[in-house]
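Sequential numbering of the sequence shown, starting at 20, is according to our numbering.
Cβ atoms here follow ideal geometry from the backbone N, Cα and C, with glycine treated the same way.
Predicted model, so just to flag it, every value in this text is computed and none were measured.
Single-structure report; data block below.
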Amino acid sequence: MRSRIIAYSVMILLLSAHFSRAGSPVLMVLVLGIPFLFFIKKSWVIQMLQVVAYAGTIIWLFSTYEHVIQRVTSGDDWLRLMIIMFTVAVYTAWTGYFLTVGTFKENYGIGGAVDESKSE
């Protein structure tokens with residue numbers, strides 16, 4: 020479980036750096052606060068964190084498209100950029116997917132696996 024939280028936090032750092040480079044300091048700061056939601060042991064938290072990861076994937080794919088088009092029109096090398104950014108997009112989607120498998124189900128009550136002692 021700890022390794023998945025670390026992987027998600029690394030994804031958040033990458034997304035925050037992306038927003039910083041794009042000139043959006045407000046989004047950068049907001050995104051940096053998202054991993055602190057792991058302290059709330061509710062199923063809606065994991066669902067929200069997944070939405071953030073999948074939205075981050077879309078942001079990475081859109082940015083990849085924009086940067087590749089910019090590189091192609093200027094005649095610069097674009098293949099390495101596309102491979103790196105697409106890999107980051109896949110990593111971002113992977114972190115969202117792996118929030119709902121394994122021990123997260125028991126700890127956050129996902130899919131009906133709710134601990135009865137915590138609900139009282």
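- The DSSP-derived three-state label of Met-20 is coil.
- In this structure, DSSP gives Phe-58 a helical state, which the three-state scheme calls helix.
- Distances from the alpha-carbon of Gly-75 to those of Ala-41, Phe-117, Val-107, Leu-118 put Val-107 closest.
- One alpha carbon belongs to Val-29, the other to Tyr-116, and they sit about 15 Å apart.
- Take the alpha-carbon of Ser-82 and the one of Met-20: they are about 30 Å apart.
- According to the DSSP assignment, Trp-113 belongs to the alpha helix (DSSP H) that extends over 98-116.
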